[in-house]
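Trainee: For reference, the structure I am asking about is given below.
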Amino acid sequence: MTAEAMARTGLDEAVLTDLVHAFYARVRTDPVLGPIFAERIGDWGWHLERMVDFWSSVALMTGRYHGAPVPKHAGLPVTWAHFDRWLTLFQATAEEVCTPEGAKHVIERAERIARSLHMASQEAIGARTRCRSCGRG
Ligand code: HEM
């Protein structure tokens, strides 16, 4: 499956590493997203390695990422506008770094994951503000 995805999309370890590094270089200088990451990420080298593993798993099904992104995003001070901005930067970077087929492949997956992370973050906000005994918001 991995070999088939690599052949079809032109994605491999080197391209995914370039994608992740170029994308987070943009994120870090973005006036809206940059400060949210700056406050929470102490070791960028470690984060970038983890994100290459994540994209290797998501795009090429290598199984290299073992983690739980949902709880890491559940408490972030974000709305859909932040995810939309994230996706805009990701799409622009993917179109520069990947083949057209590779860009389409990673963008589709990023959009799907962004929607589920957004839903989880909204549920976390709802859960915090809802009454514990009667459940009303
Ligand atoms: C509003 C947009 C986003 C913001 C502000 C954001 C922010 C962050 C932050 C601050 C971390 C580090 C958390 C920590 O270590 O405590 C993180 C980790 C991560 N993010 Fe995001 N993120 C966003 C969207 C996304 C999207 C769309 C994806 C996937 C397509 C994603 C995938 C990940 C992954 C895989 C991790 C690593 C989790 C781990 O340590 O295992 N993020 N993100």
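Each residue of the sequence shown is one higher than the one before, starting from 4 at the first, in the numbering used here.
Glycine included, C-beta positions come from ideal geometry on N, C-alpha and C.
Since we're looking at a predicted model, the values are computed, not measured.
#1: Out of curiosity, what's the CA-to-CA distance linking His-76 and Ser-59?
#2: Around the Cβ of Thr-12, are there at least 16 other Cβ atoms within 10 angstroms (buried) or fewer (exposed)?
#3: Confirm the yes/no value for this check: CB of Phe-26, any heavy atom of the ligand HEM, distance under 7 angstroms.
#4: Do you know offhand how far Trp-83's Cα is from His-121's?
#5: With a Cβ-Cβ cutoff of 8 angstroms, do Ala-123 and Val-61 count as a contact?
#6: Quick test of your reading: Ala-8 and Leu-63, contact by CB under 8 angstroms. State the CB separation rounded to the nearest angstrom.
#7: Going by C-alpha to C-alpha distance, which of Arg-43, His-108 and Ala-117 sits closest to Leu-14?
#8: Using CA coordinates, which residue listed in Glu-52, Ala-17, Gly-45 and Val-23 is at the minimum distance from Ala-97?
#9: When you compare the CB positions of Arg-29 and Leu-92, do they come within less than 8 angstroms of one another, or not?
#10: Taking Ala-17 as the reference, give the member of Trp-89, Asp-56 and Asp-33 with the closest Cα.
#11: Is the CB-CB distance between Ile-39 and Pro-80 below 8 angstroms?
Mentor: Looking at the atomic coordinates:
#1: Locating residue 76 in the sequence shown gives position 73, counting from the first residue. Locating residue 59 in the sequence shown gives position 56, counting from the first residue. Distance between the alpha carbons of His-76 and Ser-59 is about 20 angstroms.
#2: Start at 1 with the first residue of the sequence shown, and residue 12 comes out as number 9. The residue in question, Thr-12, is buried, as its Cβ has 16 or more Cβ neighbours within 10 Å.
#3: Residue mapping note: residue 26 aligns to position 23 of the sequence shown, counting from 1. Answer for Phe-26: no, Cβ out of range of the ligand HEM.
#4: Taking the first residue of the sequence shown as 1, we reach residue 83 at position 80. Taking the first residue of the sequence shown as 1, we reach residue 121 at position 118. Cα to Cα, Trp-83 sits roughly 7 angstroms from His-121.
#5: Taking the sequence shown and counting its residues from 1, one reaches residue 123 at position 120. Taking the sequence shown and counting its residues from 1, one reaches residue 61 at position 58. No, these two residues do not count as a Cβ contact at 8 angstroms.
#6: In the sequence shown, the residue the question calls residue 8 occupies position 5. In the sequence shown, the residue the question calls residue 63 occupies position 60. Rounded, the Cβ-Cβ distance is 5 angstroms, consistent with contact.
#7: As a working note, residue 14 is residue 11 in the sequence shown. Considering only alpha carbons, the answer is His-108.
#8: By one-based count along the sequence shown, residue 97 stands at place 94. Here the closest residue by C-alpha is Val-23.
#9: Within the sequence shown, numbered from 1, the residue matching residue 29 stands at position 26. Within the sequence shown, numbered from 1, the residue matching residue 92 stands at position 89. Closer than 8 angstroms, so yes.
#10: Numbered from its first residue, the sequence shown carries residue 17 at position 14. Nearest of Trp-89, Asp-56 and Asp-33 to Ala-17, Cα basis: Asp-56.
#11: What you label residue 39 is simply residue 36 of the sequence shown in a count that begins at 1. What you label residue 80 is simply residue 77 of the sequence shown in a count that begins at 1. Yes, they are a contact pair.
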